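Asker: Take this structure, written in structure tokens, and hold onto it; I'll ask about it next.
Numbering (the UniProt record's numbering), first residue to last: 1 to 336.
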């Protein structure tokens, strides 16, 4: 039996969080899913899960910016998987203080509650954006951190807060650092869903930003498997562990691969609103997954070009379903 049975997930209503909820429920664990409080009573992607899964979830609303909210949600749990964050890079240019409030202070509240309640494990979720453009390829966990956006700066702050609680108080924290996760339920703010939805439309050309940056794309089920491996491993405590495939692909090459899969020639037009400020663009990200393999025995099951092709095919099939697209209020501007 896995060591942790009663698990709080913050940000459970989101893209990765909802897949993580499903995986933990499938393992027979008790999940308390904390979703951001809103006036509509919506639980995000958790509202779309099958009734058989939802009936096994303890759904709570709260806000990681509120310490009491976090503490009450965590009470009775023996582990917490912290995914709640503001993640949209463009909005971080407009509202940087909100990223500090949610990503840094919110993480502080999770850590302090875990310390006070004696929680057995905290899995804190980071991002490859903390590295900025790669100086050393592939990127290992020892790579220097360089914030090129307010979002990245807030995540570095959160990561350092997590590390400080491990060092100062012995809080059993492990930091997962996924590279670019993609798959069903991903936000249309992300580049791959944007390409896929436009490829499924009758639009004459894709409207995209820069095509030259490279990324290490990882299918969501691989990321979730990595998070679960970190949760259940004693060796992960006090460590930062990257989750990536080690395969680098440019945005332009991703467009060409999606064109191959769909059998549709895809022209591209640059949309200025999608371009980051020049010094803020992260040009290159590619993971060295050696530490995850050594400590956890984890590796991507959909690595390399063939793996990416499989993951994109599965994602395209999901986005092609009108019922799935109906959950996006802005999908219609892509599919015409």
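Note that the Cβ used here is the ideal one computed from N, Cα and C, for glycine as well.
Note that the structure is predicted; figures quoted are calculated from it, not measured.
(1) Have a look at 44, 22, 311 and 87 and flag the residue whose alpha-carbon is nearest the alpha-carbon of residue 190.
(2) Beta-carbon separation of residue 287 and residue 179 under 9 Å?
(3) Report the rounded CA-to-CA distance for residue 83 versus residue 125, giving the unit in angstroms.
(4) If you pair each beta-carbon of the stretch 126-134 with each one of the stretch 154-161, do three or more pairs fall below 8 Å?
(5) With DSSP as the reference, label residue 45 as helix, strand or coil.
(6) For residue 274, which of 259, 208 and 247 has the nearest alpha-carbon?
(7) Is it the case that the Cβ atoms of residue 44 and residue 14 are separated by a distance below 9 Å?
(8) From the DSSP output, which residues share a beta bridge with residue 242?
(9) Do residue 230 and residue 337 count as a contact pair if the criterion is CB distance below 9 Å?
(10) Kindly identify the DSSP beta-bridge partner or partners of residue 32.
(11) What three-state label does DSSP hand residue 72 in the structure shown?
(12) Less than 9 Å between the beta carbons of residue 241 and residue 197, yes or no?
(13) What three-state label does DSSP hand residue 182 in the structure shown?
(14) Below 8 Å on the Cβ atoms is my guess for residue 268 versus residue 255; work out the distance and round it to an integer in Å.
(15) Quick check on DSSP: helix, strand or coil for residue 139?
(16) Between the C-alpha atoms of residue 22 and residue 53, what's the straight-line distance to the nearest angstrom?
(17) Closest to residue 204 by CA distance: which of 211, 195 and 212 is it?
(18) May I have the straight-line CA-CA distance separating residue 144 from residue 321, to the nearest angstrom?
(19) Can you tell me where the alpha helix (DSSP H) holding residue 20 begins and where it ends?
(20) Output needed for residue 186: all residues of its chain with C-beta closer than 6 Å, excluding positions within five of it in sequence on either side, in chain order.
(21) Taking 8 Å as the line, does the beta carbon of residue 77 fall inside it for any heavy atom of the ligand SAM?
(22) For the alpha helix (DSSP H) containing residue 256, name the first residue and the last one.
Answerer: To lay it out plainly:
(1) 87
(2) yes
(3) 6 Å
(4) yes
(5) Three-state result, residue 45: helix.
(6) 208
(7) yes
(8) Residue 242 pairs with 177.
(9) The first residue shown for the chain is 1 and the last is 336, placing residue 337 beyond what the model contains.
(10) Looking at the DSSP assignment, residue 32 forms a beta bridge with 8 and 58.
(11) Residue state, collapsed to three classes: helix.
(12) Against a cut-off of 9 Å, the Cβ pair of residue 197 and residue 241 comes out as no contact.
(13) It is a strand residue.
(14) Correct: roughly 6 Å between the Cβ atoms.
(15) Correct three-state label for residue 139: strand.
(16) 7 Å
(17) 195
(18) Whole-angstrom Cα-Cα distance: 42 Å.
(19) 15-26
(20) 15 and 193
(21) Among the components of this structure there are no ligands whatsoever, and the ligand SAM is therefore not found.
(22) 251-262
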